[in-house]
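S.K.: Protein sequence lines, in the order shown, are assigned to chains G, E and W. Using numbering that gives the first Met the number 0, the letters of the first sequence correspond one by one to residues 0 to 491. Using numbering that gives the first Met the number 0, the letters of the second sequence correspond one by one to residues 0 to 492. Using numbering that gives the first Met the number 0, the letters of the third sequence correspond one by one to residues 0 to 99.
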Amino acid sequence: MTEYRIKGETGEWEVVIGLEVHAQITTNAKLFSGAATAFGAEPNTQVSLVDAAMPGMLPVPNRECIRQAVRTGMAIEAQINKYSRFDRKNYFYADLPQGYQISQLYHPIVGEGSITVEADEKAGIPAPKVIGVERIHVEQDAGKLMHDQHPTMSYVDLNRSGVALMEIVSKPDMRSPAEAGAYVRKLRAILRYVGSCDGNMEEGSMRADVNVSVRKPGDEFGTRTETKNVNSVRFVMAVIEGEAKRQVELIESGGTVVQETRLYDPDRNETRSMRSKEDAHDYRYFPDPDLLPLELDDAFLAECRDSLPELPDAKRGRYLALGISPYNADVLTAEVEAARWFDTLLEVGLDTGAKPATAANWVTSELFGALNRMGRDLTDSPVSPAQAAELLGLVADGTISGTIAKAVFEKMLESGDGAGVIVERDGLKQTSDTGAIEAEIAKILTANADKVAQYKGGKEALFGFFVGQTMKAMQGKANPQVVNELLKKALG
Amino acid sequence: MTDLTNLTVAQIRDGHRAGDFSAVEVAEAFSANVAGAKALNAFIVETPDHALAAAKTADADRAAGTLKPLSGVPIGMKDLFCTNGVQTTAASHMLEGFIPRYESTVSQKLWDAGAGMLGKLNLDQFAMGSSNETSYFGNVISPWKRKDGGNAALAPGGSSGGSSTAIAARLCPAATGTDTGGSIRQPAAFTGISGIKPTYGRCSRWGIVAFASSLDQAGPMARDVRDCAIMLENMAGFDPKDATSLDMAVPNWEAALSSDLKGKTVGIPKEYRLEGIDPDIDAMWDAGIAMLKDAGAAVVEISLPHTKYALPAYYIIAPAEASSNLARYDGVRYGLRDLPDGAGLQDMYAATRADGFGPEVKRRIMIGTYVLSAGFYDAYYTQAQKVRTLIARDFEAAFGMCDVILAPTAPSAAFGLGEKMADPLAMYLNDVFAVPASLAGLPAMSVPAALNREGLPLGLQIIGKAFDEQGVLNAGLAIEERAGFTARAEKWW
Amino acid sequence: MTIDQATVRKIASLARIAISDAEAAAMEGELNGILGWVEQLGEVDVTGVEPMTAVIPNTLRLRDDVIDADPLTGGGRRDDVLANAPAAMHGFFGVPKVIE
Ligand SMILES: [Mg+2]
Ligand SMILES: [Zn+2]
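Quick look at the structure:
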C-alpha cells in the first residue's frame with residue numbers, strides 16, 4: 000500500500016482533505032433574476048435591479064437552476080430532498096449587494112451521495128475509492144472586486160452577482176493530493192456529462208474551497224484550514240501539499256493550527272491568512288422570508304431522471320464489456336465530447352464492421368496524435384465519426400492493411416476525402432493474389448540466400464525480415480496473413 | 000360648486016364620469032390643499048405635475064370614451080413605494096436623494112388604472128414606528144386636536160401617518176399604506192379614516208422598501224369602506240416578480256359590498272379584553288358588537304389563547320428580518336455614503352449606517368442581529384416562529400366558529416407627540432391588537448366607530464379569514480353605516 | 000439573559016453600525032428592556048410545533064430560464080443600476096480600496 004504520508008520530525012502524518020466545490024450552473028439567466036450569465040461582458044452590463052439589491056427588489060428562482068442541481072444529485076446517486084429551503088447568510092462585503100447571500104443551510108436540495116475515483120497506480124491510488132458527498136446546495140455567486148485599477152479605490156462589478164452556483168460539499172474522505180485531484184476531475188466530468196456545469200475552471204465556472212488538516216494516522220481529526228476559491232486541479236493539489244506541510248511544521252515546532260480562511264497565491268505557490276474575512280464568522284443564517292419552501296413534485300423529479308445521459312461510470316463499464324482496454328476506457332470517458340464522438344463512431348462502425356477495441360486504439364493513438372499535432376481537439380476534428388468508421392471498416396474487412404490505413408488516414412487529413420475514395424484512387428487495396436506474392440518471395444529468397452541459410456540454421460528472428468522485404472516489394476498492399484503463410488511454405 | 004376635496008374616491012370617479020367636473024379641477028383642488036398644509040408635514044415630496052398629467056389624460060380619456068377605473072382620482076403615495084423618477088426615501092436620511100429608475104408594482108397598477116400622484120407621503124423611518132416620530136423628515140402632525148382646550152400636537156399613528164393625516168385633512172381622497180404590524184390600521188384608527196391590510200400576498204411587495212418580508216403588506220387607506228374596496232381592487236393582483244404573491248384572481252370587492260350580515264357569525268376574542276384599558280375603547284367595542292347584531296350577524300365569544308405572545312413574537316421576527324433586509328444600505332450602490340478620512344470599506348459601512356439610520360431603526364437592527372446571532376437563534380427566532388404557528392392555529396380554530404372577528408384597532412386614541420418616545424416598549428404596546436392578524440397573514444381593516452371623551456376618533460378592527468377581504472369589507476360597511484361617523488378635524492393648519 | 004456593553008458593541012459591529020460609548024450605554028438599557036420582555040415567549044410550550052414558514056398556504060413558484068424576459072428584472076441597464084451610486088467610475092461602483 001502506497002499511502003501518502005508527510006514525514007515530520009516526530010513521525011509520519013496523514014493529511015485529511017474535504018472539498019467544497021462551487022460549480023456555476025449552466026443557465027441563460029441568473030438564479031433569482033433575468034440578467035444574463037455569459038462570461039466576459041462589460042462591467043455591470045449583466046446586472047438587474049434585483050442583482051444590485053436596489054430597494055424593494057425580490058428574488059424569484061429560476062427553474063433550470065433547480066432542475067440542474069437535482070439532476071446533478073441524481074448523477075451521484077444522492078438523496079434528493081423534495082422539500083428544501085433557501086436561507087440567508089448575512090455578512091457585509093462590497094461584492095455582496097444584499098448584505099446576505101441566498102444559500103441553503105438547514106434544508107439543502109440534495110443530501111448524501113458519492114463519487115468513485117478510479118484506481119491510478121502511478122498516482123498512488125491503488126484501487127478505486129468512493130468519496131462521500133455530504134450535500135449539494137444551490138446559492139448565489141457574489142460580484143467581483145478589482146483592486147488594481149485605481150490607487151485608492153477598488154472597483155465593483157456585479158455581473159457575476161446572483162449567478163447560480165451549486166456548492167458540492169465532500170466528506171473529509173480524501174487522504175492525498177492525488178485523490179483530491181482525481182475527485183475534482185471526476186466531479187468535473189460528471190457535471191459536464193449532466194450538462195449542469197461547463198467545468199471551465201479558467202473562467203471560474205468551478206472553484207474549490209480546500210479544507211485541509213493533518214493528524215497522526217489513527218488520531219482524531221486535526222483543526223482544519225479552508226483555502227478559498229482554488230481554480231485548477233493542479234492548484235488544488237499544490238494547496239494540499241503546501242498546507243499539509245505548513246501545518247506539520249507548525250505543530251512540530253510547538254504551534255497550533257487555527258481554524259481560518261486562507262487564500263492561495265499561485266505565483267508564490269503558498270497560502271496566506273485572509274484577515275479581511277476573519278470577523279465575519281457569525282453569519283446569522285435564517286430562512287429567506289422572500290422565498291417560500293421549495294417543494295418538488297414527482298413529475299419534476301421524473302423529468303430530471305429521464306433526461307440524464309449515460310454517465311462516466313456506466314459508459315466506462317460498457318466500454319470494458321466491449322473489450323476496450325481500461326486505459327482506453329478511461330481516456331475515452333474522461334471528456335464528455337470525446338465520449339460522445341466515440342459513441343457515434345461505435346454506432347456507425349456497427350455497419351462497417353469496425354471493431355470497438357480497434358476503434359478505441361485508433362482514436363486514442365492515431366486520431367488523438369493527429370489532433371495533437373494540429374493543435375485541435377475532437378470538437379473540431381477534421382475527420383467525422385462516419386469517416387473514421389469507413390477507414391476502420393476497410394481494415395476490418397481486409398481491404399487495406401493497418402500500415403496502409405495509416406497512410407490513408409494522412410491522406411484523409413490532407414484532402415478531406417473519404418477512405419474508400421482514397422484507397423480506390425491510389426490503388427491501395429490489399430492483395431491476396433498468391434501468384435504475385437509468391438513471385439516476389441522467390442526473388443527475395445534468391446537475393447538473400449545467406450539469410451535463408453541462417454534462418455534454416457535456427458535464427459528464426461529473421462522471419463520478420465522476410466516479411467518486411469515482401470511487404471516492401473508489394474508496396475504494402477499484400478495481405479500480411481497471406482504473406483506469412485506463403486513465406487512459411489517457401490522457407491520450408 | 001361643492002368643494003371637490005370633500006368627495007370620496009367613488010364620488011370623484013362617478014362625478015368625473017358624469018361630467019360634473021374635470022379631473023384637472025380635482026387634481027388642482029387637492030394640490031392646493033397639499034400646498035396649504037405644510038404644517039402637517041404629511042408629504043416628503045409634492046408631485047402636483049404627476050397628478051395634473053394623469054388628470055389631463057383622464058379628461059382626454061373621458062372625451063374618447065376610454066375611462067379607466069381610477070381616472071380622475073389623485074392619490075397620495077406612501078414614501079415606501081419606489082416611484083420612477085421621484086425621490087423615494089422610506090423617510091430615512093439613508094435614502095435621501097434616492098431616485099429609483101423603476102416603479103413599484105402597486106404604484107404602477109394605480110397609474111395604469113388612471114390615478115395620479117399628489118406626492119410622496121411621510122412615514123416612520125423604514126416603516127418602523129407607531130407615531131411617525133421616527134421620520135428623518137420630521138413628525139407628521141395629526142389634524143385632530145383634543146377637545147380639552149389645549150393645543151397638543153397629536154400623533155397621526157404610524158407608520159402610515161402621512162397617509163392617515165393627508166386623508167383626514169382632505170389633502171387626498173385616498174392613499175397607499177403598508178402594514179407590517181398594524182401600520183395601516185392603527186393610523187387609520189387614530190385619524191378617523193378607514194384602511195385595510197389584505198391577505199398576505201394579495202398585493203405585490205415588488206418595489207416596496209422592505210421592512211419585514213414575511214409580514215409586509217400594502218393596502219389602501221381612504222375615507223370609507225367603499226373607497227378601500229375600489230383602491231384595493233386596483234392595487235392587488237398576482238405579480239410574477241414577487242415569489243410570495245398570490246396567484247389568484249382579484250374579486251370585484253366593490254360590486255359585492257353588502258352590509259347585510261344575516262347568516263354571518265362574528266367572533267369576539269376574550270383575550271382582547273385587556274385589564275385597565277381605556278373605558279371608551281371598551282364602550283366602542285360593545286357598541287360595535289351591537290351594530291353587527293343589528294346588521295343580522297350572530298355573535299359568539301371566541302378564544303385566541305396565544306394573543307399575549309403575539310407582540311413579543313413580532314418583536315423578534317420583524318427585527319430579525321429587518322436586520323437582514325436593511326443590510327443592503329451600505330453606501331456602495333445608492334443612498335448615503337459616509338467616508339471618514341482614511342476609512343476602509345468596513346469603516347465606511349459602519350459610519351454610513353450610523354449616520355443614515357435613525358435611533359429606532361438602529362435599535363431594531365441591533366435586536367434583529369442579536370436574536371439571529373450564534374447561540375441565540377433557536378431560543379429567540381425559532382421559538383418566535385413556533386409561537387407564530389400557534390397564533391395562526393388560534394385563528395384557524397376560531398374561524399371554525401365565526402366568519403369575522405371584531406376587536407378594537409388600538410388600545411387607545413391618538414397620543415401626544417413625544418408622550419411615548421422615551422419608552423420603546425410603551426410604544427410597541429400600541430400594536431397589541433393589530434399584530435396578531437399580521438403574524439397570521441390575515442386580512443384586517445379598521446373603520447372609524449366613535450369619538451372618545453376627548454373628541455378623538457377610535458377605530459374598530461375586523462379580522463377575516465385568509466382571502467376573505469369581502470367578509471371584512473362587508474362587516475366594515477355594516478359598522479360604517481351604523482356608526483354614522485362624520486366627525487372631521489377642524490382646520491387649524 | 001442580560002447583555003452588557005461589550006455585547007452591545009459586538010452586535011453593533013456585526014450590524015456595521017458605529018456607536019459611541021454613550022450610545023452603547025444607552026442601548027444596553029433599551030435592549031435589555033426589550034429582550035427581557037420578549038423572553039416571556041420561553042413560557043410557551045411549543046413541543047411538536049413547526050416554526051412558521053409560509054403564513055398563507057402557497058408554494059414557491061419557479062420562473063423560466065429566459066434572459067431579460069421582463070425588463071424590470073433583467074440586465075442590460077447599467078445606467079439605471081449606477082444612476083444613484085455615490086461613486087460610479089468607468090462603469091463600476093467605486094469603494095475604498097479593499098485589502099484581501
Ligand atoms: Mg466554503
Ligand atoms: Zn458556497
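Every residue gets a Cβ at the ideal spot worked out from N, C-alpha and C, and that includes glycine.
Could you check which residue in G/D197, G/G198, G/V382, G/V168 has the C-alpha nearest to that of G/N494?
M.R.: The question about residue 494 of chain G has no answer here: the residues shown for chain G are numbered 0 through 491.
S.K.: Can you give the Cα-Cα distance for E/A57 and E/Q107, rounded to whole angstroms?
M.R.: When rounded, the distance between both Cα atoms is 16 Å.
S.K.: Which residue spans inside the region 387-446 of chain G form an unbroken alpha helix (DSSP H) run of at least 4?
M.R.: The qualifying runs are 401-414, 418-424, 433-446.
S.K.: For E/G75 versus E/G156, is the C-beta distance shorter than 9 Å?
M.R.: No, Cβ-Cβ distance for E/G75 and E/G156 is not below 9 Å.
S.K.: Using a Cβ-Cβ cut-off of 8 Å (strictly less than) and excluding sequence neighbours within five positions of G/M0, which residues of its own chain qualify?
M.R.: Confidence at G/M0 is low in this model, with a pLDDT of 46, below 50, so the placement of that residue should be treated as unreliable; the coordinate-derived value is given next. The answer, listed in chain order, is P125.
S.K.: Please identify, using Cβ separations under 9 Å, the residues of the region 58-69 of chain W that lie next to chain C, in order along the chain.
M.R.: As a matter of chain content, chain C is missing from the structure shown, whose protein chains are G, E and W.
S.K.: I need the boundaries of the alpha helix (DSSP H) containing E/W110, first residue and last residue.
M.R.: E/W110 -> alpha helix (DSSP H) spans 104-111.
S.K.: Using DSSP bridges, identify the partner residues of E/Q460.
M.R.: According to DSSP, E/Q460 bridges with E/A406, E/S445.
S.K.: May I have a chain-ordered list of the beta strand (DSSP E) segments no shorter than 3 residues that lie completely inside the region 108-139 of chain G?
M.R.: DSSP runs (the beta strand (DSSP E)) wholly in the region 108-139 of chain G: 112-116, 128-139.
S.K.: Using DSSP's beta-bridge definition, name the partner residues of E/G35.
M.R.: The partner list for E/G35 (beta bridge, DSSP) is empty, contrary to what the question assumes.
S.K.: Shorter than 9 Å from the beta carbon of E/S182 to some beta carbon of chain W?
M.R.: So, not an interface residue.
S.K.: Tell me whether the beta-carbon of E/G415 lies closer than 9 Å to the beta-carbon of E/A167.
M.R.: Cβ atoms of E/G415 and E/A167: not closer than 9 Å.
S.K.: Mind checking who G/K227 pairs with in its DSSP beta bridge?
M.R.: In the DSSP output, where bridge partners are listed per residue, G/K227 has G/L262.
S.K.: Contact criterion: CB-CB distance below 9 Å. Does W/V37 meet it with respect to chain G?
M.R.: No, because no Cβ of chain G sits closer than 9 Å to the Cβ of W/V37.
S.K.: Using a Cβ cut-off of 9 Å (strictly closer), state whether W/G28 contacts chain G.
M.R.: Answer no: the Cβ-Cβ gap between W/G28 and chain G never drops below 9 Å.
S.K.: Check G/T270 in the structure and name its three-state DSSP category.
M.R.: Strand at G/T270.
S.K.: I'd like to know if E/W205 contacts chain G, where contact means its C-beta is closer than 9 Å to some C-beta of that chain.
M.R.: Yes, because at least one Cβ of chain G sits closer than 9 Å to the Cβ of E/W205.
S.K.: For E/T175, which three-state DSSP category applies?
M.R.: Of the three classes helix, strand and coil, the one that applies to E/T175 here is strand, per DSSP.
S.K.: Is DSSP giving E/D422 helix, strand or coil here?
M.R.: E/D422: coil per DSSP, three-state reduction.
S.K.: Measuring only from the beta carbon, is G/S160 closer than 8 Å to any heavy atom that is part of ligand 2?
M.R.: False, no ligand heavy atom lies under 8 Å from that Cβ.
S.K.: Out of G/K143, G/I101, G/A93, G/E76, state which residue places its alpha-carbon closest to the alpha-carbon of G/E111.
M.R.: Closest option to G/E111, Cα to Cα, is G/E76.
S.K.: List the residues of chain W whose Cβ lies closer than 8 Å to the Cβ of G/V49, in chain order.
M.R.: Those are T72, listed as they occur along chain W.
S.K.: What in chain W is Cβ-close to G/I65, meaning under 9 Å?
M.R.: Result: L61.
S.K.: Within 8 Å: the Cβ of G/L190 and any heavy atom of ligand 2?
M.R.: Not so, every heavy atom of ligand 2 lies at least 8 Å from the Cβ.
S.K.: Whose Cβ in chain G lies nearer than 9 Å to the Cβ of W/G75?
M.R.: Those within 9 Å of W/G75 in chain G are A34, A35, T44, Q45, V46, S47.
S.K.: Less than 7 Å between C-beta atoms, sequence neighbours within five positions excluded: which residues of the same chain meet that for G/S272?
M.R.: Same-chain partners within the cutoff: E259, R261.
S.K.: Can you list, in chain order, the residues of the region 87-120 of chain G whose Cβ is nearer than 7 Å to any Cβ on chain E?
M.R.: Residues passing the 7 Å Cβ filter: R87, N89, F91, A93, P96, Q97, G98, Y99.
S.K.: So the alpha helix (DSSP H) E/L310 belongs to, where does it begin and stop?
M.R.: Counting along the chain, the alpha helix (DSSP H) containing E/L310 begins and ends at 306-324.
S.K.: Would you please state the rounded distance, in angstroms, between the beta carbons of E/D78 and E/N138? I believe it to be under 8 Å.
M.R.: The Cβ separation is near 14 Å, so there is no contact.
S.K.: Taking 8 Å as the cut-off, is the CB of G/S204 close to at least one heavy atom of ligand 2?
M.R.: For ligand 2, not one heavy atom lies less than 8 Å from the Cβ of G/S204.
S.K.: Cβ of G/E138 within 8 Å of any heavy atom in ligand 2?
M.R.: For ligand 2, at least one heavy atom lies less than 8 Å from the Cβ of G/E138.
S.K.: Which value, in whole angstroms, describes the spacing of the CA atoms of E/I140 and E/T4?
M.R.: Answer to the nearest angstrom: the Cα atoms are 20 Å apart.
S.K.: Kindly indicate which residue of W/L30, W/R15, W/A5, W/T72 has the alpha-carbon position closest to the one of E/Y328.
M.R.: E/Y328 has its Cα closest to that of W/R15, out of W/L30, W/R15, W/A5, W/T72.
S.K.: Is the region 203-221 of chain G in contact with the region 229-242 of chain G, if contact means three or more CB pairs nearer than 8 Å?
M.R.: They touch, by the three-pair rule.
S.K.: Which one of G/R339, G/L321, G/T343, G/Y326 has the shortest CA to CA distance from G/P355?
M.R.: Closest by alpha carbon: G/L321.
S.K.: Give the straight-line distance between the Cα atoms of E/A40 and E/I364, rounded to the nearest whole angstrom.
M.R.: Residue identity check: residue 40 of chain E is Asn in the sequence provided, not Ala. So the alpha carbons of these two residues sit roughly 27 Å apart.
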